[in-house]
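Some notes on the structure that comes next.
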Amino acid sequence: MNSQVKRLIAQPGPLAENEVKELLKLYGIPTTNFKVVRTEEDLGSLALRYPVALKVCSRKILHKTDVGGVKLGVRDLAELRAALAAMRTKFPGESFLVEEMKNPGVEIIIGLVQDPSFGLCEMVGIGGIFTELYKDVTFRVVPVTHQDAEEMMDEIRGKKLFEG
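The opening position of the sequence shown corresponds to residue 6 in the numbering used here, with each subsequent residue numbered one higher.
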């Protein structure tokens with residue numbers, strides 16, 4: 006395990022979205038292009054294609070949409086500056102994730118949960134705003150095999166969404 010991975014997973018509590026994306030990239034799993042910013046000056050070196058999403062980026066805020074911490078479809082730098090100013094007022098002292106938006110699709114949530122009885126468990130389910138709305142998730146004790154992963158996807162009630 007390389008030192009960057011150890012640094013990320015050694016910290017207590019949930020990771021911020023940018024940390025999860027960094028961890029995924031370390032394992033060769035592609036993610037959206039993004040940049041973490043704190044101030045308007047940080048936007049000057051932004052090398053992303055519009056439209057972008059702006060999200061509060063904090064280990065303390067897991068459900069960003071619930072607290073108004075997500076602005077989607079930002080079309081240009083002027084709109085991004087205005088959105089960042091509003092977010093900085095709402096979430097003082099926090100960082101923000103600016104990321105390229107992808108074509109609409111189905112979001113998936115993947116996570117790890119420490120269960121008092123079973124230990125470390127992997128969670129997979131329908132993501133985005135539907136995670137809390139439908140609670141359509143399934144769990145397996147880690148380590149998860151390829152067969153486990155396929156079974157987990159079959160157990161999700163909304164699996165038809167993934168099939169097109």
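Even for Gly, the Cβ is constructed at its ideal location relative to N, Cα and C.
Remember, it's a predicted structure, so these values are computed and weren't measured experimentally.
1) Distance, Cα to Cα, E168 vs G132?
2) Sorted by chain position, which residues of the same chain lie with C-beta nearer than 6 Å to D173's C-beta, five sequence neighbours on each side aside?
3) From the DSSP output, in three-state form, read off G130 for me.
4) Look at F101 and K60 and say whether their C-beta atoms are less than 8 Å apart.
5) Given a threshold of 16 other Cβ atoms within 10 Å of its Cβ, counted over all protein chains shown, does K95 qualify as buried or as exposed?
6) What is the DSSP secondary structure of G116, counted as helix, strand or coil?
7) For A21 and L28, I'd like the C-alpha separation in whole angstroms.
8) At which residues does the alpha helix (DSSP H) containing K95 begin and terminate?
9) Would you decide whether L125 is buried or exposed? Buried here means 16 or more other CB atoms lie within 10 Å of its CB.
10) Using DSSP with H/G/I as helix, E/B as strand and the rest coil, what is G49?
11) Is the separation between the beta-carbon of L89 and that of A58 shorter than 8 Å?
12) Within the continuous alpha helix (DSSP H) that includes A15, where are the two ends?
13) Our contact map puts I114 next to T136 with C-beta atoms below 8 Å; I'd like the distance itself, whole angstroms only.
14) Give me whichever residues DSSP pairs with G124 in a beta bridge.
Let's see:
1) Roughly 15 Å separates the two Cα atoms.
2) Because the chain is modelled from 6 through 169, residue 173 falls outside the range shown and cannot be assessed.
3) Judged by DSSP in its simplified three-state form, G130 adopts strand.
4) Cβ distance < 8 Å, so F101 and K60 count as in contact.
5) With fewer than 16 other Cβ atoms within 10 Å, it is exposed.
6) Of the three classes helix, strand and coil, the one that applies to G116 here is strand, per DSSP.
7) Rounded to whole angstroms, A21 to L28 spans 11 Å at the Cα level.
8) Annotation for K95: the continuous alpha helix (DSSP H) segment containing it runs L82 to K95.
9) The residue in question, L125, is exposed, as its Cβ has fewer than 16 Cβ neighbours within 10 Å.
10) The DSSP-derived three-state label of G49 is helix.
11) 8 Å or more divides the Cβ of L89 from the Cβ of A58.
12) First-last of the alpha helix (DSSP H) with A15: S8 to A15.
13) Beta-carbon to beta-carbon, I114 and T136 are separated by about 5 Å, close enough to satisfy the 8 Å threshold.
14) Looking at the DSSP assignment, G124 forms a beta bridge with D120.
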